[in-house]
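From first to last, the protein sequence lines are chains P and L.
Following my numbering, the numbering of the first sequence begins with 1 at its first residue and continues without gaps.
Following my numbering, the numbering of the second sequence begins with 161 at its first residue and continues without gaps.
2 protein chains.
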Amino acid sequence: MTSRPFRSEPQPSDPKAVRRLVTDAEVFSGIEIGWAAELVEDTLKRGPAAGYHFLFADGTEDLEGYTCFGPIDGTDRRFDLYWIVVSPKAQGKGLGKRLLAESMRAARDLDARHMFIDTSTRPDYAPARALYEALGFVHMGTLIDFYSDGDGKALFGRKL
Amino acid sequence: MTSRPFRSEPQPSDPKAVRRLVTDAEVFSGIEIGWAAELVEDTLKRGPAAGYHFLFADGTEDLEGYTCFGPIDGTDRRFDLYWIVVSPKAQGKGLGKRLLAESMRAARDLDARHMFIDTSTRPDYAPARALYEALGFVHMGTLIDFYSDGDGKALFGRKL
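Right, here's the structure in full:
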């Protein structure tokens, strides 16, 4: 794992790198993988006006992890964490925790006051849910059967 | 209040009528009013491909109420109720209840299996929350301070 600072500026190779990273995580659907890449492409095209901010963890060869977050329309300085993904090869070394903590800090620097995250209730998302709670996010509700039968949406939030 | 059947096809006068209706409800912000009109405009332009469905309650003079609902991307036949609004003049006569019940039926006809709704926790949204619970929606969580300090997002859902 790299310990160099995270990069916040997307670069032209990122849509492909993010697509690979999100695919390798093996928990996201095809439609979700497409969205993840789209947010990076959109930001490369439109810049900060797109409303998405990123932190990229560059490894020696590949992208090892990234986060995507931004303001929630119609709210007072509330941010959503849209994506947090760590490559299977880089897992277990605290990179997810560092990425989330740095994203919270970066959001605060952008004047964010609260951050919200939602994720699946499926067992393979348990590490993600544990990470959010470790960083002070509160589980505020679960939409039962939200994605499909037996697959709910867990909702987390915290003041920054 | 009219007792004629609801209209599902948007017409060119609806963006303006919806804007007036949503403004008159006095609980929505400027940005929310813009969104409501935009979904109708988008559907007039793009048709059902836009992913929004409507029920309009036409009164003798004005639009008395409407709902907007549609499939949630990335889910298995789950629908969101984006909007339900009844004109202050037409309130207290069961129109909201009829609109919601008919929207659930229309969503089922579009193969929806579950419906989700979110709304503000503010006191002026209490009638909306009571309506959802009266029609079998379960309160599944509350995102505290989601919109702003003291204004949370209440989340409801039910199987159709």
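Using N, Cα and C, we set each Cβ at its ideal position, and we do this for glycine too.
{"Query": "Own chain residues within Cβ distance below 8 Å of Ala250(L), not counting five before or after", "Result": "Met161, Ala217, Gly219, Glu224, Gly225"}
{"Query": "Cβ of Thr235(L) within 7 Å of any chain P Cβ", "Result": "yes"}
{"Query": "Three-state secondary structure assigned by DSSP to Glu9(P)", "Result": "coil"}
{"Query": "Which of helix, strand or coil DSSP assigns to Arg77(P)", "Result": "coil"}
{"Query": "Under 7 Å between C-beta atoms of Leu215(L) and Ser168(L)", "Result": "yes"}
{"Query": "Where the alpha helix (DSSP H) containing Pro127(P) begins and where it ends", "Result": "126 to 134"}
{"Query": "Interface flag, Gly141(P) vs chain L, CB-CB below 7 Å", "Result": "yes"}
{"Query": "Nearest to Trp83(P) (by Cα), restricted to the options Arg113(P), Asp73(P), Gly34(P), Thr75(P)", "Result": "Gly34(P)"}
{"Query": "Spatial neighbours of Val245(L) in its chain, beta-carbon cut-off 7 Å, leaving aside the 5 residues before and after", "Result": "Leu181, Val182, Ala185, Gly225, Tyr226"}
{"Query": "Proximity of Phe166(L) and Glu262(L) at Cβ, strictly below 7 Å", "Result": "yes"}
{"Query": "Interface partners of Leu155(P) on chain L, CB under 8 Å", "Result": "Gly301, Leu303, Leu315"}
{"Query": "Collapsed DSSP secondary structure at Ala314(L) in the structure displayed", "Result": "strand"}
{"Query": "Ser263(L) in three-state terms, based on DSSP", "Result": "helix"}
{"Query": "Beta-carbon proximity check, Gly141(P) vs Met275(L), cutoff 7 Å", "Result": "no"}
{"Query": "Test: Tyr132(P) CB closer than 7 Å to a CB of chain L", "Result": "no"}
{"Query": "Counted within 10 angstroms of its Cβ, other Cβ atoms place Asp240(L) as buried (16 or more) or exposed", "Result": "buried"}
{"Query": "Proximity test, Cβ basis, 7 Å: Met161(L) and chain P", "Result": "Confidence in Met161(L) is poor, its pLDDT being 49 and thus under 50, which makes the residue's placement too unreliable to answer from."}
{"Query": "Nearest candidate by alpha-carbon position, reference Leu291(L), set Gly312(L), Ala266(L), Gly317(L)", "Result": "Gly317(L)"}
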